[in-house]
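One structure is given here, and the rest of the page talks about it.
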Amino acid sequence: MKIGFIGLGIMGKPMSKNLLKAGYELLVYDVNEASMKEVASQGASIASSPQEVAENCKLILTMLPNSPHVRTVIAGDKGVLAGITPGSMVVDMSSIAPGVSKELCALLEAKGADMLDAPVSGGEPKAIDGTLSFMVGGKEDIFEKCKDILGKMGASVILCGSIGAGNTTKLANQIIVALNIAAMSEAFVLGKKAGVNPEAIYNAIRGGLAGSTVLDAKAPMVLEGNFKPGFRIELHIKDLANALETAKEVGVPLPLTSQIMEILQALKVDGKEMNDHCGIIEFYEKLAHIQARK
Ligand code: NAD
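Following our numbering, the numbering of the sequence shown begins with 2 at its first residue and continues without gaps.
Have a look at this one:
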């Protein structure tokens, strides 16, 4: 079966290469020609539009930055909707607003096609290794049809509910990660100013209740002053904006998420939006006039 793959960025490039390695035939599209040529050098064919991808593939995967990009690729000029045939499936792996997943799914269903939202967690290293975690929303029978193919790019593929549930789960993930990094930053800056080395704090607490995957991934980076992404602050702003928008739609106050959003905006104003999100500590360091790092 020929698979369409649209969006060949930091994540999409290694994910598409893993599908090629697994033996699938790919037809790819991206607005960036160099990215298409790179993936074509490993065996993919190049399409001239999302419409052409949809005309030639029964399964179309997308990995794009945010809701407006996915809307353009699906419903825009020469988009997927213009070429899609009944029985086709779109799996959007981008992290976008759940409401937009629902809106685009309805448009595809009106053409006799189906859609899953299937955002990932894990970042570029896991995209390269093929060990991403997929959080999926959509119909169970469509999930069963796509599960093995997603499994070629990920170590875990979990159905979380109906369409939009994948992106709602991803928003939950992003809230928990941001607040964990902020808590670690607040604690390290307090420790440093009170005269305790943050490295000692990390080593002493990591095996206890405060220990976490986030702490183990981000504390060593922070202690080295290594803010190379990783996951950029600008992408976390995008995800929390989607979380706050969704929360408004369903009527849920998110007081802590609102605060961390303001912290991220302050870092953006300081020109740090391309740094890794563990750079949240720089906000606290500035407030306390102390550097927590080694
Ligand atoms: P990216 O910006 O590197 O890649 C996006 C790609 O989409 C680019 O190649 C761009 O040219 C292409 N694109 C944009 N508009 C297009 C259009 N209209 N038609 C065709 N192609 C278009 O982004 P990324 O880091 O690969 O992230 C993709 C998604 O995965 C985002 O939603 C992001 O939040 C999510 N994500 C990223 C990471 C990470 O660590 N980078 C981790 C987990 C999830």
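Built from N, CA and C at the ideal position, the CB exists for glycine as well. Treat the numbers as computed from the prediction; the structure is a model and nothing was measured.
Count Cβ pairs between the region 131 to 142 and the region 68 to 78 that sit closer than 8 Å; are there 3 or more? no
Roughly how many angstroms lie between the CA atoms of threonine 258 and alanine 183, to the nearest whole one? Sequence index remark: in the sequence shown, residue 258 carries index 257 (1-based). Sequence index remark: in the sequence shown, residue 183 carries index 182 (1-based). The straight-line gap from Cα to Cα measures roughly 11 Å.
Based on Cα-Cα distance, which residue from Ala119, Lys193, Gly124, Thr86 lies nearest to isoleucine 164? On the sequence shown, position 163 is the one that residue 164 refers to. Among Ala119, Lys193, Gly124, Thr86, the Cα nearest to that of isoleucine 164 is on Ala119.
Starting from the Cα of methionine 64, find the closest Cα among Leu151, Ala114, Glu56 and give me that residue. Taking the sequence shown and counting its residues from 1, the one referred to as residue 64 is at position 63. Among Leu151, Ala114, Glu56, the Cα nearest to that of methionine 64 belongs to Leu151.
Is the number of C-beta pairs between the region 170 to 181 and the region 239 to 253 that are closer than 8 Å three or more? yes
Roughly how many whole angstroms lie between the Cα atoms of methionine 16 and cysteine 58? Taking the sequence shown and counting its residues from 1, the one referred to as residue 16 is at position 15. Taking the sequence shown and counting its residues from 1, the one referred to as residue 58 is at position 57. Methionine 16 and cysteine 58: Cα-Cα distance of roughly 18 Å.
Assign isoleucine 291 to one of two classes, buried (16 or more other C-beta atoms within 10 Å of its C-beta) or exposed (fewer than that). Walking along the sequence shown from the start, residue 291 turns up at place 290. So isoleucine 291 counts as exposed.
With a threshold of 8 Å, are at least 3 pairs of Cβ atoms found where one atom belongs to the region 91 to 104 and the other to the region 113 to 130? yes
Unbroken alpha helix (DSSP H) run spanning valine 32, endpoints: Translated into positions along the sequence shown, residue 32 becomes position 31. Counting along the chain, valine 32 falls outside any alpha helix (DSSP H), and DSSP gives it neither H nor E.
Here's a check: name, in chain order, each residue in its chain whose Cβ is nearer than 7 Å to the Cβ of isoleucine 143, leaving out the five neighbours to either side. What you label residue 143 is simply residue 142 of the sequence shown in a count that begins at 1. Cβ within range, chain order: Met90, Asp115, Leu117.
What is the residue span of the beta strand (DSSP E) that phenylalanine 135 lies within? Numbered from its first residue, the sequence shown carries residue 135 at position 134. Taken as a continuous stretch (DSSP letters only), the beta strand (DSSP E) holding phenylalanine 135 covers 133 to 138.
Between the Cα of threonine 247 and those of Ser102, Gly80, Lys127, spot the shortest distance and give me the residue it belongs to. Looking up residue 247 in the sequence shown gives position 246. Ranking the options by Cα distance to threonine 247, first place goes to Ser102.
What does lysine 3 pair with, by DSSP beta-bridge criteria? In the sequence shown, residue 3 corresponds to position 2, counting from 1. Bridge partners of lysine 3: Glu26.
Could you please give me the residues that DSSP links to glycine 162 through a beta bridge? For the purposes of this step, residue 162 is taken as the residue at position 161 of the sequence shown. Glycine 162 is bridged to Gly138.
By the 10 Å Cβ neighbour count, where 16 or more other Cβ atoms means buried, how is proline 99 classified, buried or exposed? By one-based count along the sequence shown, residue 99 stands at place 98. That one is buried.
Would you check if the region 43 to 58 and the region 74 to 89 touch, i.e. whether three or more CB-CB distances between them fall below 8 Å? yes
Which word fits alanine 195, buried or exposed, when buried means at least 16 other C-beta atoms lie within 10 angstroms of its C-beta? Position 194 of the sequence shown, counted from the first residue, corresponds to residue 195. That one is exposed.
Are the C-beta atoms of aspartate 240 and some chain D residue less than 8 Å apart? Included in the structure is just one protein chain, with no chain D present.
Going by other Cβ atoms of all chains shown within 10 Å of its Cβ, with 16 needed for buried, is aspartate 31 buried or exposed? Here residue 31 corresponds to residue number 30 of the sequence shown, with the count starting at 1. Flag for aspartate 31 reads buried.
Run the proximity test for glycine 8: is its beta-carbon closer than 7 Å to any non-hydrogen atom belonging to the ligand NAD? By 1-based counting over the sequence shown, the position of residue 8 is 7. Within the cutoff, so yes.
Hey, how far is the Cα of leucine 27 from the Cα of alanine 188? Residue numbering aside, residue 27 sits at position 26 when the sequence shown is read from its first letter. Residue numbering aside, residue 188 sits at position 187 when the sequence shown is read from its first letter. Whole-angstrom Cα-Cα distance: 48 Å.
Close Cβ partners of glycine 124 (< 6 Å) along its chain, the five nearest in sequence each way excluded: Your numbering for residue 124 matches position 123 in the sequence shown. Phe232.
Taking the beta carbon of lysine 74 as the centre, do at least 16 other beta carbons fall within 10 Å, making it buried, or is it exposed? Indexing the sequence shown from 1 puts residue 74 at position 73. Looking at the sequence shown, residue 74 is not lysine but valine. Its Cβ being crowded by 16 or more others within 10 Å, valine 74 is buried.
Unbroken beta strand (DSSP E) run spanning valine 197, endpoints: To locate residue 197, count along the sequence shown from 1; it is residue 196. No beta strand (DSSP E) holds valine 197; DSSP gives it neither H nor E.
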